[in-house]
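Enquirer: Dumping the structure here so I can ask a few things about it.
Protein chains in written order, with my numbering: chain A, 60 to 412; chain B, 2 to 254.
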């Protein structure tokens, strides 16, 4: 197996704060590798170092079999590109945005036009060339940013939380794009994400990160299958909780998450258990629902994040749950910070690790 | 009152009939101030870029220095330059005093603080990620800086226009180092100094005509800029000259 890049005892510190701590990592040609961990675990910093726009404080990076000299990165930078979490576009047309890197590489005009149109097709934005890039919707803007990176055909494509602030439609398109370019163009991709679902679906391998270190690395099945203790260690991942499981007489299990929050799950478990509830699987209501769902909690809204068509709410029911609802429901329910609400989810919607 | 009215009527007649003396002065003004702005852009824009992008110890002090200089009385700058260019002065041997070159240098120095200060704030208001973004797409350090400059283009063009207006309407420096020479092959009288001379010798119609032309120039430039800015053409045109205006109009609606 060919190794595209290799981090050896890589450490990065800003002042006295160590953000990446003696990390060893190999990136294999043609793979999708996910760096999964909470915010501040060092994922983005590793991506910036691999994009050669940040230099390591200690340790080395081998790229294409050669040790990278971080004082002279102009040439090696041409072979690796990074798409930022926060979409950044030049204030010009979509075409000029995507053609930028090709121009730098001296690609002739007619080839540039062809490549841009191909890249736009991949991200499903055909014919958008002349549109002013900054007037597109958030999801479309992020797709332009991805197209701008794809068109360069670099050895390494780095994506920092590519779908973090996108609505499901745009997120879906992007995930499909990532899969396609990896499969068809054999692009090696490293994705930083804190979205467990994305990490389970997309990548060939997952590196679990916490506090600047890689705690586990393996296939999704390996990492999700047997590493509940480590998963528990990054509590910052949305809706991931660890508690003590106790089987019930009815054949289900109650997990005590503390603060008087007891979650019913559909599997038999005992002892320390980590659970995850997808924010999309939670129903938000203003009064307790009379339904078949086993988990009903009362709480109040402590945080509201606008995601375009969707709104993400944090509801404190003793433990803080993230809930995702549509903008329309949000406005119709006239929700505000501090609103008393109720969250409902089925026992079978709880993922158990 | 009749004098003023007569002066105004005569002034319009002079403008309308294309009086060569009048338009000679106008073209000198445009030439001197235009050259001064280009000169000042050559050193002012890189300086603004350097101060805005680099982190160094005296950054704040330097920024304050340039913004303070905007308010420098032009007569004081004129006096300093007069002393430097005069026969006994350090640059007296160049023989620049009372020549067009002295006017151009004087105006260029006068507008440098405006160019640098507005330039710095325009560059600093650009998304700081643009520099890194350009690099991830393969740009070298200097190519990445050019990208930042392009993003700041709107503000930079604005500072160029403001500088030109300041230069063409300037009297103090021009009078002191230019000398307001109205004859011979190396005339140094421009719109502002000629207005003051014609007023002094009582040729009020010429003074009014020049005043009107000066106002027309300043207004015309500002109106053009406002119109172009509103249509967002300036930035887009400067960046992508091959785009058709038509496309942008269609997209705006």
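All C-beta atoms, glycine included, are put in the ideal place defined by N, C-alpha and C. The structure displayed is predicted, hence computed values, not measured ones.
Is there a Cβ from chain B that is less than 8 Å from the Cβ of residue 247/A?
Expert: Chain B, which has no Cβ nearer than 8 Å to the Cβ of residue 247/A, makes this no.
Enquirer: Within 8 Å of any Cβ in chain A, is that where the Cβ of residue 4/B sits?
Expert: So no, residue 4/B is outside the interface.
Enquirer: Closer than 7 Å by C-beta to residue 71/B: which residues in its own chain qualify, once you throw out the five before and the five after it? Chain order, please.
Expert: Result list for residue 71/B: 114, 115, 118, in chain order.
Enquirer: Which residue comes first and which comes last in the alpha helix (DSSP H) that contains residue 45/B?
Expert: Residues 21-54.
Enquirer: Using a 10 Å radius around the Cβ and a threshold of 16 neighbouring Cβ atoms, would you call residue 192/B buried or exposed?
Expert: So residue 192/B counts as buried.
Enquirer: From 383/A, 401/A, 179/A, 400/A, pick the residue whose C-alpha is nearest to that of residue 225/A; which is it?
Expert: If we check each option's Cα against that of residue 225/A, 383/A comes out closest.
Enquirer: In angstroms, rounded to a whole number, what distance separates the CA positions of residue 168/B and residue 82/A?
Expert: Straight-line Cα distance between these residues: approximately 59 Å.
Enquirer: On the DSSP bridge assignment, give the partners of residue 121/A in chain order.
Expert: Paired residue(s): 65/A, 126/A.
Enquirer: Tell me whether residue 410/A sits in a helix, a strand or coil according to DSSP, three-state version.
Expert: Strand.
Enquirer: Pick from 388/A, 248/A, 381/A, 310/A: whose alpha carbon is nearest that of residue 368/A?
Expert: If we check each option's Cα against that of residue 368/A, 388/A comes out closest.
Enquirer: Grab the span of the beta strand (DSSP E) containing residue 277/A for me, first residue to last.
Expert: Segment 272-277, the beta strand (DSSP E) holding residue 277/A.
Enquirer: Note down, in chain order, each residue of its chain lying with its Cβ closer than 8 Å to the Cβ of residue 23/B, except the 5 sequence neighbours on either side.
Expert: Excluding sequence neighbours, residue 23/B sits near 15, 16, 207, 210, 211, 214.
Enquirer: Just to check my reading of the structure: residue 70/A and residue 117/A have Cβ atoms closer than 8 Å, yes? What is that Cβ distance to the nearest angstrom?
Expert: 4 Å between Cβ atoms; contact.
Enquirer: Any C-beta of chain A within less than 8 Å: which residues of the stretch 124-155 of chain B qualify?
Expert: The residues in question are 128, 130, 131, 133, 134, 135, 136, 137, 138, 139, 140, 141, 142, 144, 148, 151, 152.
Enquirer: In whole angstroms, what is the alpha-carbon distance linking residue 251/A and residue 375/A?
Expert: Computed Cα separation, rounded: 27 Å.
Enquirer: With a cut-off of 8 Å, does the C-beta of residue 140/A fall near any C-beta of chain B?
Expert: By this cut-off, residue 140/A is an interface position.
Enquirer: Could you tell me the distance, in whole angstroms, from the CA atom of residue 354/A to the CA atom of residue 328/A?
Expert: For residue 354/A and residue 328/A, the distance between alpha carbons rounds to 17 Å.
Enquirer: Within 10 angstroms of its Cβ, does residue 231/B collect 16 or more other Cβ (buried), or is it exposed?
Expert: That one is exposed.
Enquirer: Any beta carbon from chain B within less than 8 Å of residue 389/A's own beta carbon?
Expert: False, the Cβ-Cβ gap to chain B never drops below 8 Å.
Enquirer: Is residue 218/A near the ligand HEM, in the sense that its beta carbon is under 7 Å from a heavy atom of that ligand?
Expert: Ligands are entirely absent from the displayed structure, and the ligand HEM is therefore not among its contents.
Enquirer: Smallest Cα separation from residue 32/B: which of 220/B, 205/B, 190/B, 217/B?
Expert: The residue with the shortest Cα to Cα distance from residue 32/B is 190/B.
Enquirer: Leaving out five residues before and five after residue 29/B in sequence, what residues of the same chain have Cβ atoms less than 6 Å from its Cβ?
Expert: So the qualifying residues of the chain are 191.
Enquirer: Under the DSSP definition of a beta bridge, which residues are partnered with residue 268/A?
Expert: Answer by DSSP bridge pairing, in chain order: 273/A.
Enquirer: Taking the alpha carbon of residue 162/A as the point to measure from, which residue in 207/A, 183/A, 67/A has its own alpha carbon closest?
Expert: That would be 207/A, whose Cα lies nearest to the Cα of residue 162/A.
Enquirer: Between the alpha carbons of residue 119/A and residue 270/A, how many angstroms are there, rounded?
Expert: Residue 119/A and residue 270/A: Cα-Cα distance of roughly 20 Å.
Enquirer: Where in the stretch 116-145 of chain B do unbroken runs of the alpha helix (DSSP H), each at least 4 residues long, occur, reported from the N-terminal end onward?
Expert: DSSP runs (the alpha helix (DSSP H)) wholly in the stretch 116-145 of chain B: 130-137.
Enquirer: Which residues of chain B have a Cβ atom closer than 7 Å to the Cβ of residue 104/A, listed in chain order?
Expert: None at all; the shortest Cβ gap to chain B is about 13 Å.
Enquirer: Relative to the C-alpha of residue 364/A, which residue among 134/A, 282/A, 386/A, 345/A is closest?
Expert: Looking at the Cα atoms, 386/A is the closest of the given residues.
Enquirer: The beta strand (DSSP E) spanning residue 413/A covers which residue range?
Expert: Nothing in the structure corresponds to residue 413/A, since chain A is present only between 60 and 412.
Enquirer: Can you tell me whether residue 255/B is helix, strand or coil according to DSSP?
Expert: Here chain B has residues from 2 to 254 only, and residue 255/B is not among them.
Enquirer: Here's a check: name, in chain order, each residue in its chain whose Cβ is nearer than 6 Å to the Cβ of residue 102/A, leaving out the five neighbours to either side.
Expert: These residues qualify, in order along the chain: 94, 96, 251, 268.
Enquirer: Between which two residues does the beta strand (DSSP E) containing residue 198/A stretch?
Expert: Note, residue 198/A: premise wrong, no beta strand (DSSP E); alpha helix (DSSP H) at 197-209.
Enquirer: Where does residue 227/A fall in DSSP's three states?
Expert: In this structure, residue 227/A counts as helix in the three-state DSSP scheme.
Enquirer: For residue 121/A, tell me which candidate among 66/A, 136/A, 222/A has the shortest Cα-Cα distance.
Expert: The candidate whose alpha carbon is nearest that of residue 121/A is 66/A.
Enquirer: Excluding sequence positions up to five away, which residues of its chain have a Cβ less than 7 Å from the Cβ of residue 145/B?
Expert: Cβ neighbours of residue 145/B beyond the five flanking positions: 132, 135, 136.
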